[in-house]
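Please read the structure below before turning to the comments.
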């Protein structure tokens, strides 16, 4: 597996994001020493300033929330040529509506809203009520981001939960070369599309007692990808857990370390 370049401190801070300030030095020390076995991250204090949340934007017909790491405003990034990893997050059915702030209910947007050390540019589209994710509209958002933001094209990552997890499976299978890695959470994939994912790093996460989107959907995808010769997929099944696999999944620093360990176009 190709390690991240040592010229950037963003990855070295990954273990400390969303941890209370008193734990940050210990978390950073554990990461630098290679001890990546910390338990789930604690939620940051609500009073703590997070990433720069930009005003709601529109592209492809979807409003979306854009977060930019603190200390790295867009203007300065464009000026000095720095490039950041981009994470796209697709929410579930419960967050659909007309208020873009709803995307911050769970997962990466909730973390980025509270913690400045979240090491990605983060884009979180809002799905209108009663709609399903449209891949063409999502493509338009990503195209716009690549044209206007200082994104490293080799480090574009995709994740989503529930309905968003299903969309992550679909989008990745439709355009596997757009992403460096994908992490669907509690989402159903289509095994008929699995061969398109055989060369893409995929980490699926699911609760074993999920009765909304049964875990067999993730099992079936893992089996189908492997049957196609894929060796870059992994599956985590949480014991005694229902549909809400996203709380433990997105609280685990290992997920973000895993994402950042992959670069598009580089064999690992």
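In my numbering, the protein residues as written are 654 to 921.
Quick reminder that beta carbons are idealized off the backbone N, C-alpha and C, glycines included.
Beta-carbon proximity of residue i to residue j, cut-off 8 Å
i           : j           : result
residue 897 : residue 870 : no
residue 917 : residue 838 : no
residue 856 : residue 887 : yes
residue 858 : residue 831 : no
residue 971 : residue 851 : Residue 971 is absent from the model: the chain starts at 654 and stops at 921.
residue 903 : residue 769 : no
residue 915 : residue 847 : no
residue 712 : residue 793 : yes
residue 827 : residue 788 : yes
residue 811 : residue 800 : no
residue 853 : residue 829 : yes
residue 748 : residue 735 : no
Simplified DSSP state of residue i, which is helix, strand or coil
i           : result
residue 785 : coil
residue 914 : coil
residue 716 : strand
residue 805 : strand
residue 795 : helix
residue 710 : strand
residue 751 : coil
residue 848 : helix
residue 745 : coil
residue 871 : helix
residue 693 : For residue 693, the pLDDT reaches just 38, beneath the cut-off of 50, and the residue's location in the model is therefore unreliable, leaving the point undetermined.
residue 819 : helix
residue 756 : helix
residue 768 : coil
residue 841 : coil
residue 905 : coil
residue 800 : helix
residue 826 : helix
residue 898 : coil
Expected contact under 8 Å - CB spacing of residue i and residue j to nearest Å
i           : j           : result
residue 756 : residue 718 : 5 Å
residue 778 : residue 743 : 7 Å
residue 737 : residue 804 : 6 Å
residue 715 : residue 790 : 5 Å
residue 786 : residue 767 : Not a contact, Cβ separation roughly 26 Å.
residue 813 : residue 864 : That belief does not hold up - the Cβ atoms of residue 813 and residue 864 are roughly 20 Å apart, past 8 Å.
residue 893 : residue 862 : 6 Å
residue 906 : residue 890 : About 19 Å separates the two Cβ atoms, so there is no contact after all.
Residues that DSSP places opposite residue i in a beta bridge
i           : result
residue 774 : 739
residue 860 : 891
residue 810 : 740, 834
residue 886 : 855
Distance cut-off 7 Å: residue i Cβ against heavy atoms of the ligand MG
i           : result
residue 880 : For the structure depicted, the ligand MG is absent and the ligand set is empty, with no information on it obtainable.
Can you find at least 3 beta carbon pairs, one from the region 766-778 and one from the region 837-847, that sit closer than 8 Å? Cβ pair count under 8 Å is below three, so no.
With three or more C-beta pairs closer than 8 Å as the rule, is the region 779-792 touching the region 872-885? Of all C-beta pairs linking the region 872-885 to the region 779-792, fewer than three are shorter than 8 Å, placing the two stretches out of contact.
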